[in-house]
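Q: Chains as they are written, first to last, in this note's numbering: chain Z, 1 to 197; chain G, 198 to 394; chain X, 395 to 591; chain D, 592 to 788.
If you scroll down you'll find the structure; I have some questions about it.
Number of protein chains: 4
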Amino acid sequence: MPNKNSKGNTKNRIIESAKKLFAEQGYQKTTVMEISKQAGLSEAALYEYFQGKEDLLLTIPDLWVSELIKDLKEQLFGIKGSFNKLRKFLWWYLRRIEEAPLDAKIVYLFLKTNANFMDTEVYSNVKILYSYLIDIFEEGRTSGEMKPDLNPYFARTIFIGTMEHIVTRWLLKDMSYSLFDNLEDTFDLMVDAYRSK
Amino acid sequence: MPNKNSKGNTKNRIIESAKKLFAEQGYQKTTVMEISKQAGLSEAALYEYFQGKEDLLLTIPDLWVSELIKDLKEQLFGIKGSFNKLRKFLWWYLRRIEEAPLDAKIVYLFLKTNANFMDTEVYSNVKILYSYLIDIFEEGRTSGEMKPDLNPYFARTIFIGTMEHIVTRWLLKDMSYSLFDNLEDTFDLMVDAYRSK
Amino acid sequence: MPNKNSKGNTKNRIIESAKKLFAEQGYQKTTVMEISKQAGLSEAALYEYFQGKEDLLLTIPDLWVSELIKDLKEQLFGIKGSFNKLRKFLWWYLRRIEEAPLDAKIVYLFLKTNANFMDTEVYSNVKILYSYLIDIFEEGRTSGEMKPDLNPYFARTIFIGTMEHIVTRWLLKDMSYSLFDNLEDTFDLMVDAYRSK
Amino acid sequence: MPNKNSKGNTKNRIIESAKKLFAEQGYQKTTVMEISKQAGLSEAALYEYFQGKEDLLLTIPDLWVSELIKDLKEQLFGIKGSFNKLRKFLWWYLRRIEEAPLDAKIVYLFLKTNANFMDTEVYSNVKILYSYLIDIFEEGRTSGEMKPDLNPYFARTIFIGTMEHIVTRWLLKDMSYSLFDNLEDTFDLMVDAYRSK
DNA sequence: AATGAATGAGTGTTCATTCAT
DNA sequence: TATGAATGAACACTCATTCAT
């Protein structure tokens, strides 16, 4: 069971093991011994790579969210129209979550509980990620696609709220259905709030 | 510090103490000893009233959400118009949360992490609470206030998502501003998605 | 289940409850609360009748063994011949144990573990009980039925050892067979050790 | 007092410490902390070697009885005559008990109380140990030394009963005299029960 | 780079017992 | 005679973390 021979170096093995166990059992119930055993090395060795258990919890989504940021710019590149960009953002984000549900579970369920979440690299990176939405809404207003008096921040609240609700529900229901079920309809409904009449 | 003389019986004292400490420090970091000391009795005495720490965690929001359900019906009674009802629901809910931020914190931040959350009384009560929204959206569609093809479930996803996002952000930011800031504008924006043109 | 209405006074109800529970689960695993619940009263009330749990453990077999002593004299009265008396002793003793297996279990399995057993009334009463055997063996030697050089103490060691072994085995095997199985043959074999040739 | 430097590895140190304390104070009254302190290490370290307190209780006599079995065959080897073998068995057994009174105390006083005793490796090993006696009695009958109609099982009941009674009495009296006092006479008396006339 | 061995500090929970009423 | 309420004192067991090798 321990993925001793999986490709990737030791550090990655540890991350993957921790990710899996955190997602499965939660942060508190997962022991360092379980993680190291799963990673195929000793507990002591784990401390050569990470400062401790909490460090591990914070590192995992940090890597993931960093990647997301890098990816997002490229994804939105060349897309014309604010609604199209909005749609792209949503579909892209959910695709990434579907591809990395363990990371998502950690961010959405376990990290928010952590007292230090707000001081986290992850938090500020998520803020960066979500700041793109402000640009999109502003572009929509400027271009006339969206309401002329649209407040981008309020618009974003609705967008993120809806999106995160969809994700959280899916995670809590153990990813037992497709994240994209009814997405089209819900999106169409939501954007009507932004659309200029 | 221990509220030995606070009104209410012992059981309530324990609940209030636990609520406060869970909300302040999180479930895991709070010890049974702290709770009992805060409640002004011995650790052993606490076990006369609750089966244990987890029982306490689950009981607290259970009581709160049960009350909410009782209250909601009355609050919506006599209100005319689906948009008015929607508005009432939102304002009422946020008011209740503002009044009981400790309960809210437990439900929104700590309970969802708990592996057993989905099997909880709280979860099913929240579902009941949110089922009222379906009725409201259906009424809106029927009455012609809302789009004739409005799917109440998708509409609700947006509504709950937005609402919970507002609440969660507020809780994570340590309730440092008013929950009602910008609420009017955000609500107005959101309901445009439902409104028949 | 609690035998609130059983005949006998409260003290007896407590004894019977304790006896049952000690025998079923052992002394250590039985709690005072279980005993008092079984007896149909509160924990605190139990302390009106007994000094505590250990007092209870020691009282139970004390009563039983006291009764045994009273009975034994009568049982042996009028029996002629030392072998007949020996036989009577054995059959009588096993009958009493069969009738009161709970008491027997407590004496044989739980009391011996107790650090204070040797200072117990029970211990000295058992000594009295077993002292009758010395008389019997001496009578046997004097009468010529038994070996002229028979040492009553060594003879008794064999008798008691055999008897207690039979009892202990039966108790450990959960009284799943008759205590009298093969008793006749074993007795006949044993007494050949005493018989004068 | 802690035997940190005693020869033997850590596991053995723990066993010896536990053995001593169990025998002195009983199983229940001995705490894990006492055992580990006596062994010269931390409580937590003890759990690296044993699963817990009960595991320790069961392991101790397990090792001892296993050794006994290995030894017995060798001890009986080369001895001629069933009475001689019987005598050897008794003397050997008591010698072993005299050498390891702590183990004996645990087996005779504390283990039998344990609810799981009958499912124990120790129990089945003791059965093996005692099965040799059946062979001896059968040999005695066949060779003519013993009664032609001697039932080996009944004979063994007397033998084991007597032997265990001698041991138990000695243990309860805190090993304050020699286990071999009067052994010769008692043995001679007992075997007359088996002897063919 | 890796680990066997060890531990300090905790942690929830149990339970016999007491006492005011 | 009875008890509801309370508690002091334990206690077995866990686990993240350290360090000599």
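A virtual CB, placed ideally from N, CA and C, is assigned to each residue, including glycine.
So what does DSSP say about residue 592 of chain D, is it helix, strand or coil?
A: Because residue 592 of chain D carries a pLDDT of 43, less than 50, the predicted location of this residue cannot be relied on, and no value is offered for it.
Q: So, at 8 angstroms on beta carbons, what are the nonlocal neighbours of residue 101 of chain Z in its own chain, with the 5 sequence-adjacent residues on each side left out?
A: Excluding residues within five positions, the ones whose Cβ falls inside 8 angstroms are 23, 171, 175.
Q: Should residue 317 of chain G be flagged as near chain Z, meaning a C-beta pair shorter than 8 angstroms?
A: For residue 317 of chain G, the answer is no, since every Cβ of chain Z falls outside 8 angstroms of its Cβ.
Q: The alpha helix (DSSP H) that contains residue 260 of chain G, what's its start and end?
A: Its alpha helix (DSSP H) spans residues 250 to 273.
Q: Taking C-beta pairs closer than 8 angstroms, name the residues in chain Z that residue 306 of chain G reaches, listed in chain order.
A: By Cβ distance, chain Z contributes 112, 113.
Q: Comparing the C-beta of residue 162 of chain Z with each C-beta of chain G, is any distance below 8 angstroms?
A: So, interface residue.
Q: What residue range does the alpha helix (DSSP H) around residue 563 of chain X cover?
A: Taken as a continuous stretch (DSSP letters only), the alpha helix (DSSP H) holding residue 563 of chain X covers 546 to 566.
Q: Would you mind sorting residue 455 of chain X into buried or exposed? The rule is 16 or more other CB atoms within 10 Å of its CB.
A: Residue 455 of chain X should be labelled buried.
Q: Going by C-alpha to C-alpha distance, which of X/558, X/409, X/518 sits closest to residue 573 of chain X?
A: It is X/558 whose Cα lies nearest to the Cα of residue 573 of chain X.
Q: Between residue 493 of chain X and residue 571 of chain X, what straight-line distance do the alpha-carbon atoms span, to the nearest angstrom?
A: Straight-line Cα distance between these residues: approximately 14 angstroms.
Q: Give me, in chain order, the residues of the same chain whose beta-carbon lies closer than 8 angstroms to that of residue 15 of chain Z; leave out the 5 immediate sequence neighbours on both sides.
A: Closer than 8 angstroms at Cβ, skipping near neighbours: 56, 59, 60, 63.
Q: Could you name the residues of the same chain whose beta carbon sits closer than 7 angstroms to that of residue 208 of chain G, not counting the 5 residues immediately before and after it, in chain order?
A: Cβ within range, chain order: 246.
Q: List, in chain order, every chain D residue whose beta-carbon is nearer than 8 angstroms to that of residue 549 of chain X.
A: Under the 8 angstroms cutoff, chain D gives 780.
Q: Please confirm whether residue 60 of chain Z has its beta-carbon closer than 8 angstroms to some beta-carbon of chain G.
A: So no, residue 60 of chain Z is outside the interface.
Q: Around the Cβ of residue 345 of chain G, are there at least 16 other Cβ atoms within 10 angstroms (buried) or fewer (exposed)?
A: It is exposed - the Cβ of residue 345 of chain G has fewer than 16 other Cβ atoms within 10 Å.
Q: Listing by chain order, which chain D residues have their CB less than 7 angstroms from the CB of residue 579 of chain X?
A: 742, 745, listed in chain order.
Q: Can you list the residues of chain Z that residue 265 of chain G reaches, using a CB-CB cut of under 9 angstroms?
A: In chain order: nothing, as chain Z lies at least about 19 angstroms away.
Q: Assign residue 547 of chain X to buried or exposed, taking buried as 16 or more other Cβ atoms, counted over all protein chains shown, within 10 Å of its Cβ.
A: By the neighbour-count rule (16 or more Cβ atoms within 10 Å), residue 547 of chain X is not buried but exposed.
Q: Compile a chain-ordered list of the residues in the region 33 to 55 of chain Z whose CB is closer than 7 angstroms to at least one CB of chain G.
A: Of all residues in the region 33 to 55 of chain Z, none has a Cβ within less than 7 angstroms of some Cβ in chain G.
Q: Using 8 angstroms as the cut-off, can you tell me whether the region 464 to 484 of chain X makes contact with the region 377 to 389 of chain G, which would need three or more C-beta pairs spanning the two stretches below that distance?
A: Segments in contact, no.
Q: On the premise that residue 389 of chain G lies in contact with residue 44 of chain Z, defined as a C-beta separation below 8 angstroms, what is that separation, rounded to the nearest angstrom?
A: Not quite, the Cβ-Cβ distance comes to about 59 angstroms (not below 8 angstroms), so this is no contact.
Q: Any Cβ of chain X within less than 8 angstroms of the Cβ of residue 735 of chain D?
A: For residue 735 of chain D, the answer is no, since every Cβ of chain X falls outside 8 angstroms of its Cβ.
Q: What is the rounded straight-line gap between the Cα of residue 590 of chain X and the Cα of residue 721 of chain D?
A: Approximately 30 angstroms between the Cα atoms of the pair.
Q: Using DSSP with H/G/I as helix, E/B as strand and the rest coil, what is residue 401 of chain X?
A: With a pLDDT of only 43 at residue 401 of chain X, under 50, the local geometry of the prediction cannot be trusted, and no value is derived from it.
Q: Would residue 26 of chain Z count as contacting chain G if we go by Cβ distances under 8 angstroms?
A: Yes, contact with chain G.
Q: Tell me whether residue 701 of chain D is buried or exposed, calling it buried when 16 or more other Cβ atoms sit within 10 Å of its Cβ.
A: Per the 10 Å Cβ criterion, buried.
Q: Start and end of the alpha helix (DSSP H) containing residue 293 of chain G?
A: Run containing residue 293 of chain G: 279 to 296, per the alpha helix (DSSP H) assignment.
Q: If we ignore side chains and look at the alpha-carbon of each, how far apart do residue 779 of chain D and residue 645 of chain D end up?
A: Approximately 40 angstroms, taken between the alpha carbons.
Q: In whole angstroms, give me the CA-to-CA distance for residue 446 of chain G and residue 31 of chain Z.
A: Past the edges of chain G, shown from 198 to 394, lies residue 446 of chain G, and the structure says nothing about it.
Q: Any idea what DSSP makes of residue 540 of chain X, helix, strand or coil?
A: Strand, per DSSP.
Q: Are the C-beta of residue 14 of chain Z and some C-beta of chain G separated by less than 8 angstroms?
A: Judged by the 8 angstroms Cβ criterion, residue 14 of chain Z is not in contact with chain G.
Q: List the residues of chain X whose Cβ lies closer than 7 angstroms to the Cβ of residue 694 of chain D, in chain order.
A: Correct list: empty, because the minimum Cβ distance to chain X is about 16 angstroms.
Q: Compare the Cα-Cα distances from residue 522 of chain X to each of X/462, X/435, X/538 and report the closest residue.
A: Comparing Cα-Cα distances from residue 522 of chain X to each of X/462, X/435, X/538, the minimum goes to X/462.
Q: Counting contacts by CB-CB distance shorter than 8 angstroms, is residue 192 of chain Z in contact with chain G?
A: Cβ-Cβ to chain G under 8 angstroms: yes for residue 192 of chain Z.
Q: Any beta-carbon of chain X closer than 8 angstroms to the one on residue 718 of chain D?
A: No, residue 718 of chain D does not count as interfacial toward chain X.
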